[in-house]
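For the sequence shown, this note's numbering assigns the number 56 to the initial residue and increments by one for each residue that follows.
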Amino acid sequence: MAAPAASVEKKDALQSLRYTRGNFEVLDQLVVPHGLEFLPVKDANDGWSVIRKMQVRGAPLIAMVACLSLAVEATAMDAAGKVAGMSADEAKDFLLERMQHLRTSRPTAVNLFVATDKFAEVVKEAAAEKGATGASVVTTFVEGAEAMLENDLNANKTMGAYGKEAMLAKAPGGATKLKVVTICNTGSLATAGWGTALGVVRSLHETDNLDHIYSCETRPYNQGARLTAFEIVCDELPGTLICDSMASALMNVTEGGIHACVVGADRVVVNGDTANKIGTYQLAIAAKHHGVPFFVALDTTGIDVNTPTGAGIPIEERAAQELRAIAGVQVAPEAINVWNPAFDVTPGSLIAGIITELGVAYPDPATGEYDMAKFLADARQANGASEPPAKKQKKEAAYRSGWRCERGAGGARAVSTFTAELPYQHAESSPAAPARVFTLDVYSSERCCAAA
56 MAAPAASVEK
66 KDALQSLRYT
76 RGNFEVLDQL
86 VVPHGLEFLP
96 VKDANDGWSV
106 IRKMQVRGAP
116 LIAMVACLSL
126 AVEATAMDAA
136 GKVAGMSADE
146 AKDFLLERMQ
156 HLRTSRPTAV
166 NLFVATDKFA
176 EVVKEAAAEK
186 GATGASVVTT
196 FVEGAEAMLE
206 NDLNANKTMG
216 AYGKEAMLAK
226 APGGATKLKV
236 VTICNTGSLA
246 TAGWGTALGV
256 VRSLHETDNL
266 DHIYSCETRP
276 YNQGARLTAF
286 EIVCDELPGT
296 LICDSMASAL
306 MNVTEGGIHA
316 CVVGADRVVV
326 NGDTANKIGT
336 YQLAIAAKHH
346 GVPFFVALDT
356 TGIDVNTPTG
366 AGIPIEERAA
376 QELRAIAGVQ
386 VAPEAINVWN
396 PAFDVTPGSL
406 IAGIITELGV
416 AYPDPATGEY
426 DMAKFLADAR
436 QANGASEPPA
446 KKQKKEAAYR
456 SGWRCERGAG
466 GARAVSTFTA
476 ELPYQHAESS
486 PAAPARVFTL
496 DVYSSERCCA
506 AA
C-alpha cells in the first residue's frame with residue numbers, strides 16, 4: 056500500500072529513485088500525489104515495464120532507469136555466479152541484447168537512445184581490452200550506469216544556473232523577480248535531482264529572483280497537476296496550478312505580465328525544433344503572441360544531432376483510454392474516436408534560448424536559425440570536453456566532475472566538489488558581468504535526490 060504523501064519527509068517525497076549496488080527501486084509516479092510507493096526493479100524487464108506504463112517518466116529519468124535496471128540485473132547475475140562463466144564477448148552480447156530491448160520501451164525521448172548508444176560503445180571497448188573477462192565487462196557497465204546519477208545532478212545544477220542568467224537577461228522590462236509558466240513535470244521527479252526546466256525555476260527561487268511559478272496541468276496525464284504541483288508544494292515555491300487552456304488568458308491579464316516560459320524537452324534536433332509534452336507547442340505560440348520569451352531546458356544527451364528538423368522526430372501515440380478517463384474515471388463515451396499523441400513539436404523559431412549544462416544556445420543573429428550540432432561542438436570545446444562522449448564514458452564512470460567513489464560492504468559512497476564558472480553563452484553575447492563560480496559539495500551513500 057502506498058504511504059500517504061503527507062506522512063513522508065520532504066527529502067523522500069522528491070526522490071524519483073533509490074539505488075545502491077544490487078538494489079533498485081523507483082517511485083511509482085502514477086500514485087503521486089495521493090501516496091508514495093516505491094516499486095522494486097530487479098531486471099531490464101522490470102525497467103522496460105515501469106517506463107512503458109509511465110510509472111517513471113521524464114526523458115533523463117527514462118534513460119537512467121533503463122541503464123540502472125540492467126545494472127541491477129547484471130549485478131544479481133554476478134552475485135549468483137553466472138557472470139564468472141561468461142567470456143568477455145558473451146557478457147558484451149548479453150548487455151547489448153538487453154539494451155536493445157530497453158530501447159523499445161518508448162520511442163520519442165532521445166536520452167534513452169543516446170545513453171544506450173554510448174554504453175554499447177563502452178562495453179564493446181571493454182570486451183576488446185587485453186585480458187578482458189565477463190566480469191570486467193559487466194563491472195565497466197555497472198559503474199558507468201551508476202555514474203549517471205551523479206552526472207545528472209551536476210548537470211541539472213549547472214543548467215539551472217545558466218538558465219537563471221539567460222531568463223533574467225531577456226526578462227521584459229528588465230524584471231529581476233520573474234513570473235514563469237511551465238508545462239509537464241521537469242523537476243526532481245523527472246531526473247536524479249533538482250530538475251531541468253523546474254531546476255531553472257529552483258535556481259531563480261534560490262536567489263530570490265522568482266516571483267511566481269505557474270504550472271499547466273498537462274492533460275491528458277496531468278503531470279503538471281499531479282507532479283509539478285506536488286514539487287511546488289514540497290519545496291514551498293510561490294506557485295499556482297492552471298489548466299492548459301488558461302495559459303493565454305494568464306499572459307494577457309496578469310499584472311506586470313508573465314516574464315518567461317521554460318519547458319523541458321524529450322528531443323531537440325539540429326535546427327532547434329523541440330519535441331516535448333503535448334501542449335508545449337500551443338504554449339509557445341501563446342508566448343510569442345504576448346512577447347514572452349520561451350525557453351527550453353535539457354541535458355545535452357537530449358540533443359539529436361542526426362536529425363535535421365522536427366519532421367524526423369517519431370511521435371509516440373498513447374492508448375485512447377488515457378484520454379477517455381481521468382484516474383480511472385470515465386469522462387468520455389467509450390465509442391468516441393481518440394487521437395492521443397504524447398508529444399508535439401515546437402519550431403525552433405518560437406524558442407528564445409535552449410538551456411543546457413554546457414551553456415545556452417541561441418539562434419544565429421544573421422539567419423534566426425539554430426545549429427545545435429555547432430553549438431555542441433563549440434560548447435564542448437569551451438568547456439574542455441571535446442573528446443567524443445562514448446570514449447569518455449569509461450573515464451567518467453568513476454571520476455566525472457570531481458567525484459571520488461569509495462566502495463565497501465555497505466555499497467557506494469561518493470564525495471564530490473563540483474565547480475562551474477558562469478556564464479558561458481553561445482551565438483548571442485550576454486550583458487557584461489563579473490564571472491561567478493558555482494560550487495556543489497555532495498556526500499552521498501544513497502545518491503538519489505538527497506541534495507535536492
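Note that beta-carbon positions come from the ideal geometry of N, C-alpha and C, so glycine has one too.
Three-way DSSP call (helix, strand, coil) for residue i in this model
i	result
Asn209	helix
Ala181	helix
Lys332	strand
Lys147	helix
Gly77	coil
Arg435	helix
Asp399	strand
Thr362	coil
Glu176	helix
Cys298	coil
Asp266	strand
Ile117	helix
Arg322	strand
Ala375	coil
Ile410	strand
Residue of the options minimising C-alpha distance to residue i
i	options	result
Ala175	Thr163, Glu286, Asp148	Asp148
Ser303	Ala330, Tyr269, Val324, Val165	Tyr269
Asn100	Gly90, His156, Gly113	His156
Trp103	Gly334, Leu405, Ile117, Ala374	Ile117
Gly510	Val317, Phe168, Met141, Glu198	Since the first residue shown for the chain is 56 and the last is 507, residue 510 is missing from the structure and cannot be characterised.
Thr75	Glu205, Arg161, Gln110	Glu205
Phe350	Gly439, Pro162, Ser160, Met222	Met222
Gln436	Gly414, Pro420, Glu424	Gly414
Glu80	Val111, Pro88, Glu261	Val111
Pro388	Ala341, Ala375, Val400	Ala375
Ile297	Thr130, Asp98, Thr309	Thr309
Ala390	Leu378, Asp399, Gly383	Leu378
Contact under 8 Å by Cβ, residue i with residue j
i	j	result
Thr251	Leu353	yes
Glu286	Gly242	yes
Ile381	Thr329	no
Leu431	Ile358	yes
Val169	Thr356	yes
Met119	Met203	yes
Thr273	Gly334	yes
His314	Pro227	yes
Leu69	Leu244	yes
Burial state of residue i (16 or more Cβ within 10 Å)
i	result
Pro418	buried
Pro396	exposed
Ile409	buried
Cys239	buried
Val219	Looking at the sequence provided, one finds Lys at residue 219 rather than Val. With 16 or more Cβ atoms within 10 Å of its Cβ, Lys219 is classed as buried.
Ser300	exposed
Asp133	buried
Thr262	exposed
Gly311	exposed
Trp249	buried
His260	buried
Own chain partners of residue i with C-beta closer than 6 Å, once the 5 adjacent residues on each side are dropped
i	result
Thr171	Met154, Arg158
Gly403	Asn326, Gly327, Asp328, Tyr425
Val127	Phe79
Gly77	Thr130
Beta-carbon proximity list for residue i, same chain, < 8 Å, skipping 5 on both sides
i	result
Ala182	Ala143, Asp144, Ala146, Lys147, Val192
Gly254	Asn211, Lys212, Met214, Gly215, Gly218, Thr241, Gly242, Thr246, Ala352
Cβ shell of residue i (< 7 Å), same chain only, five flanking positions each side left out
i	result
Cys122	Ala170, Phe174, Ala200, Met203
Arg322	Thr163, Ala164, Val165, Ala330, Gly357, Asp359, Ile368
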